[in-house]
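Student: Mind the numbering: the sequence shown is residues 2 to 155 in my numbering, read in order.
Yeah, the Cβ is synthetic: ideal placement off N, Cα and C, and Gly gets one too.
The structure under discussion is supplied below as structure tokens; questions concerning it will follow.
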Amino acid sequence: MKRLLLLNLLVLFGLTTYSQVNIYNPNADAKTEIAKAISKANQENKHIFIQIGGNWCPWCVKLHNFLNADSTLSEILYNNYVVVKVNYSKENKNLDILEKFDKPQRFGFPVLVILDSNGNRIHTQDSGLLESGEGYDRKKVMSFLKNWTPEALK
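Right, here's the structure in full:
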């Protein structure tokens, strides 16, 4: 009985902790964040990596953690892209941004949008294609990141 109670408490604590992750800011002005990213990408000769999702989405949190926990993936990401997280939640769906990028939410969440340094959309990625089992596939993610760098598209 004590084990069952302890297990339930651990699961409850884990879910509470997991649900309190704040990767996405529902109050952020996505238009302004993207405009800043375009300016920075222009100066640094990078593309823009937009991850659209929400703190409510376990796969969105998994992708964020996956990209930041792997030093090679993180290096590829931050050396080639200006990263922007766009919130999609009941508090703020950012529908104007989604409309501008041809409704990427149709792929589910998270969805990735790659812009060139001028803000032109060059790719929308269904992140489900980067998954493997209960997580993300390192080779698929690495290939995706490398295939949309400014250098790859020269």
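Between LEU113 and PHE50, how many whole angstroms is the CB-CB distance? I'm expecting something under 8 angstroms.
Tutor: Right, the Cβ-Cβ distance comes to about 7 angstroms (below 8 angstroms), so this counts as a contact.
Student: On the three-pair Cβ rule with 8 angstroms, is the region 85-97 touching the region 134-143?
Tutor: No, they do not touch.
Student: Work out the CA separation of MET143 and ALA38 for me, nearest whole Å.
Tutor: Each residue's Cα considered, the two are about 22 angstroms apart.
Student: Could you give the DSSP three-state label for ASP127: helix, strand or coil?
Tutor: Correct three-state label for ASP127: strand.
Student: Report the rounded CA-to-CA distance for SER75 versus HIS65, giving the unit in angstroms.
Tutor: SER75 and HIS65: Cα-Cα distance of roughly 10 angstroms.
Student: Within 10 Å of its beta-carbon, does ASN109 have 16 or more other beta-carbons around it, so buried, or fewer, so exposed?
Tutor: The residue you asked about is not Asn; residue 109 is Gly in the sequence shown. Flag for GLY109 reads exposed.
Student: Near LEU11, which residues of its chain fall below 6 angstroms by C-beta distance, leaving aside the five closest residues on each side in sequence?
Tutor: Confidence in LEU11 is poor, its pLDDT being 49 and thus under 50, which makes the residue's placement unreliable; the coordinate value appears in the next sentence. Counting only Cβ-Cβ distances below 6 angstroms, and skipping sequence neighbours, we find nothing.
Student: When you compare only the Cα positions, how much space is there between LYS47 and ILE115?
Tutor: Taking the straight line from one Cα to the other gives about 11 angstroms.
Student: What do you reckon, are the CB atoms on ILE24 and CYS61 nearer than 8 angstroms?
Tutor: Result yes, Cβ atoms of ILE24 and CYS61 sit closer than 8 angstroms.
Student: What residue range is occupied by the uninterrupted alpha helix (DSSP H) comprising PHE145?
Tutor: It spans 139-148 - the alpha helix (DSSP H) in which PHE145 sits, taken as one unbroken run.
Student: Name the one or two DSSP bridge partners that PHE50 has.
Tutor: Looking at the DSSP assignment, PHE50 forms a beta bridge with VAL84 and ILE115.
Student: Have a look at the DSSP bridge pairing and note the partners of ARG122.
Tutor: DSSP output for ARG122 lists LEU116 as bridge partner(s).
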